[in-house]
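Data block below; observations after.
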Amino acid sequence: MANFRATPSGCAISICDVSDRHRYRLVRRAVSRRRNPPTAAGACLGVMADYAALIRPTGCTMIIVPNNNDRWQLLTPRNIAVRRLWGWGYSVQKILAASEPKPRESASLVIASDFGGEHKHATHLIYCYLLVRGGMRDWLSSTAAVRRHLTDTRRMAYKRLDDRLRQNALIPFLTAAAGLDGHLVAIAIDKRKKWLSTAPGSSDRLLRELNLNATWNARALEGMLRKVHITAILLSLWSRPHSNVTWITDQDEFVANDLRHDDALLAAARYSSFYIDHPMGVFRLNTTGQDADAGDFEDICAVPDLAAGMLSDVSTRLRNRGAEDRLWKLSSDLPPKAEVIADWFWDDAMVLRKTLISIDVHGDKFGVRKVSMMMQSPDDQSAISPNEPL
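278 is the number that numbering that gives the first Met the number 0 gives to position 279 of the sequence shown; each next residue is one higher, with no gaps.
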């Protein structure tokens with residue numbers, strides 16, 4: 000059973016998962032809300048097959064290994080149940096584990112996120128997450144020089160790159176981001192895949208079991224839980240015991256008001272408890288609006304914003320392909336700003352690692368692939384080629 004209590008500072012609540020192993024202090028802003036304790040974390044999964052297996056197993060011994068990098072691979076009852084339920088998550092874990100050198104974990108993590116592909120011409124929804132190890136100190140020092148190109152309150156944003164000052168600042172900005180000790184993870188999800196973290200007809204029970212207080216229809220709940228679910232998967236690879244995590248996101252619909260903000264914070268902790276069994280430190284969820292004066296949050300979220308905007312433009316130009324087609328060809332040229340960012344994204348000669356994963360529907364099935372940029376095809380069209388399906 001999860002336990003909540005207001006901290007002495009009045010600005011946080013503490014939560015521990017059903018097994019009492021995974022402990023967070025959840026911090027959003029200097030306002031404390033007292034809630035009724037929700038039911039066990041695994042109970043929210045009772046609406047789909049194999050959810051009961053996620054409740055604390057009895058009579059089972061957790062296998063302890065010294066290297067946290069590999070804990071997600073263990074055949075524990077919980078890991079087996081999670082893989083059976085969300086096999087796509089395990090595929091994402093395998094791709095990212097192979098893309099990131101060890102050790103991955105950090106005692107302090109900053110995650111900046113932004114999303115794209117909402118417009119009707121895009122074939123995929125884009126979820127971009129920038130993970131930075133060790134906090135924001137290096138980023139703040141790197142962007143100090145970039146700010147000289149952006150006067151007044153201008154912020155870097157893909158949709159605003161028609162502005163001359165932002166165009167001049169783009170290359171210095173990308174150069175600063177290239178030196179970050181981190182990983183930019185982009186996941187492109189086929190819009191035909193309507194349900195990924197929930198299931199049709201499950202929203203009412205999930206709202207009760209997760210003890211969410213905001214108003215969520217089924218689609219909005221799926222959208223919010225996708226975003227926190229991906230965050231939980233990332234933490235299964237990059238966190239270590241007692242890691243402090245700060246997640247900064249744009250002022251998106253899933254954190255549009257105080258109630259939704261609180262729900263997303265709680266859901267992120269609950270979903271991470273499905274993937275992590277070591278104790279955690281402080282988990283903060285902030286939006287760019289909470290740092291409007293300084294603009295530091297907007298600056299770091301601009302990195303996934305630029306990637307999401309570029310990939311959204313890519314998704315509007317994809318030719319149709321079959322399940323066995325290993326080549327993504329673009330039906331038209333990318334705009335210049337997208338070409339610049341695409342060249343940067345697929346340049347592996349920098350400290351910052353970058354990975355694009357696509358989840359594509361093929362008939363009544365879907366596959367998870369890592370995507371890599373290729374040279375232009377003979378017909379002078381740009382092309383992207385995914386690896387073999389996992």
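We put the beta carbon where it would ideally sit given N, CA and C, even for glycine. Predicted, not measured: the structure shown is a model, and the values here were computed from it.
| query | In terms of residues, what are the limits of the alpha helix (DSSP H) holding F253? | reply | Within the sequence shown, numbered from 1, the residue matching residue 253 stands at position 254. Element bounds for F253: n/a, residue is neither H nor E.
Item to complete: Assuming L108 and V244 form a contact by the criterion Cβ under 8 Å, report the distance between their Cβ atoms to the nearest whole angstrom.
Response: Here residue 108 is taken as the residue at index 109 of the sequence shown, counted from 1. Here residue 244 is taken as the residue at index 245 of the sequence shown, counted from 1. Indeed they touch by this definition, with Cβ atoms about 5 Å apart.
Requested in this report: Mind checking which residues open and close the beta strand (DSSP E) that includes Y126?
Outcome: Your numbering for residue 126 matches position 127 in the sequence shown. Here the beta strand (DSSP E) through Y126 covers H123 to R132.
- Proximity of S242 and A106 at Cβ, strictly below 7 Å: By one-based count along the sequence shown, residue 242 stands at place 243. By one-based count along the sequence shown, residue 106 stands at place 107. Contact: yes.
Practice problem: Can you give me the start and stop residues for the beta strand (DSSP E) that R352 sits inside? | Solution: Within the sequence shown, residue 352 is the residue found at index 353, counting from 1. Start and end: R352 to H361.
Query raised in the report: Whole-angstrom Cβ separation of M401 and A263, contact assumed at under 8 Å?
Result: Because residue 401 is not part of the residues shown, which for the chain are 0 to 389, the question remains open.
Cβ atoms of A177 and L390: under 7 Å apart, would you say? Absent from the structure is residue 390, since the part of the chain shown begins at 0 and ends at 389.
Q. Can you give the Cα-Cα distance for L236 and G294, rounded to whole angstroms?
A. Indexing the sequence shown from 1 puts residue 236 at position 237. Indexing the sequence shown from 1 puts residue 294 at position 295. Computed Cα separation, rounded: 29 Å.
* **Extent of the continuous alpha helix (DSSP H) to which R163 belongs** => Here residue 163 refers to the residue found at position 164 of the sequence shown. Run containing R163: R163 to A177, per the alpha helix (DSSP H) assignment.
Backbone secondary structure at G86 - three-state DSSP
Reading the sequence shown from its first residue, position 87 is the one you call residue 86. Here G86 sits in helix by DSSP.
Point to revise | Delimiting residues of the beta strand (DSSP E) encompassing S105 | key: The residue you call residue 105 lines up with position 106 of the sequence shown. S105 -> beta strand (DSSP E) spans S105 to G115.
Just the C-alpha distance for L233 and L195, rounded to the nearest angstrom, thanks. Position 234 of the sequence shown, counted from the first residue, corresponds to residue 233. Position 196 of the sequence shown, counted from the first residue, corresponds to residue 195. The straight-line gap from Cα to Cα measures roughly 16 Å.
Any contact of the stretch 207-214 with the stretch 165-182, i.e. 3+ C-beta pairs under 8 Å? no
Notebook entry, point to check: Applying the criterion that 16 or more other CB atoms from any shown protein chain within 10 Å of the CB defines a buried residue, is V350 buried or exposed?
Noted result: Here the question's residue 350 lines up with position 351 in the sequence shown. Per the 10 Å Cβ criterion, exposed.
Could you spell out where the beta strand (DSSP E) holding G181 opens and where it closes?
-> Here residue 181 corresponds to residue number 182 of the sequence shown, with the count starting at 1. Residues G181 to D189.
C-alpha gap between K226 and C127, whole angstroms:
For the purposes of this step, residue 226 is taken as residue 227 along the sequence shown, with counting starting at 1. For the purposes of this step, residue 127 is taken as residue 128 along the sequence shown, with counting starting at 1. Computed Cα separation, rounded: 10 Å.
(Q) At the level of alpha carbons, what is the spacing between R132 and F273? (A) Within the sequence shown, numbered from 1, the residue matching residue 132 stands at position 133. Within the sequence shown, numbered from 1, the residue matching residue 273 stands at position 274. Cα to Cα, the separation comes out at about 23 Å.
- Query: Got a sec, what are the start and stop residues for the beta strand (DSSP E) R283 sits in?
  - Reply: Stepping through the sequence shown from its first residue, residue 283 is reached at position 284. First-last of the beta strand (DSSP E) with R283: V281 to T286.
Anyone know if the C-beta pair for C300 and I247 falls short of 7 Å? Counting from 1 along the sequence shown, the entry for residue 300 is found at position 301. Counting from 1 along the sequence shown, the entry for residue 247 is found at position 248. Going by C-beta atoms, C300 is nearer than 7 Å to I247.
Self-check item: Where R269 falls: helix, strand or coil (DSSP)
Solution: Position 270 of the sequence shown, counted from the first residue, corresponds to residue 269. In the structure shown, R269 sits in a helix (DSSP, three-state: H, G or I).
Open item on the list: If I follow the unbroken alpha helix (DSSP H) through K336, where does it start and stop?
Closed with: The residue given as residue 336 occupies position 337 in the sequence shown. P335 to F344 is the extent of the alpha helix (DSSP H) around K336.
So the candidates are R103, A198 and W71; which of them puts its Cα closest to the Cα of G88?
Working through the sequence shown from its first residue, we reach residue 88 at position 89. Comparing Cα positions, the closest option is W71.
### Option nearest P307 by Cα separation, candidates D161, I79, K353 and D162
The residue given as residue 307 occupies position 308 in the sequence shown. Pro is not the amino acid found at residue 307; the sequence shown has Ala there. Ranking D161, I79, K353 and D162 by Cα distance to A307 puts K353 first.
| Among A97, K336 and A337, nearest to H182 - alpha-carbon criterion | Counting from one through the sequence shown, the residue named residue 182 turns up at place 183. Minimum Cα distance to H182 is reached at A97.
Next item on the list: Leaving out five residues on either side along the sequence, give the residues of the same chain with a beta carbon under 6 Å from the beta carbon of I340.
Entry: In the sequence shown, residue 340 corresponds to position 341, counting from 1. Only L305 and M309 meet the Cβ criterion.
Close-in-space but distant-in-sequence residues of the same chain around K336 (CB under 6 Å, 5 per side omitted) = Translated into positions along the sequence shown, residue 336 becomes position 337. Hits under 6 Å: L160.
Considering only DSSP beta bridges, list what W246 is partnered with. Taking the first residue of the sequence shown as position 1, residue 246 is located at position 247. In the DSSP output, where bridge partners are listed per residue, W246 has I110 and L284.
ask   = Is it buried or exposed for K101, if we count other Cβ within 10 angstroms and need 16 for buried?
value = Residue 101 sits at position 102 when you count from the first residue of the sequence shown. Counting Cβ neighbours within 10 Å, K101 comes out exposed, since fewer than 16 surround it.
Query raised in the report: For L209, which three-state DSSP category applies?
Result: Numbered from 1 along the sequence shown, position 210 holds the residue referred to as residue 209. Looking at L209 - three-state DSSP - the assignment turns out to be coil, as it is neither helix nor strand.
Query - Unbroken alpha helix (DSSP H) run spanning A217, endpoints - result: Here residue 217 refers to the residue found at position 218 when the sequence shown is read from its first residue. Taken as a continuous stretch (DSSP letters only), the alpha helix (DSSP H) holding A217 covers A217 to W237.
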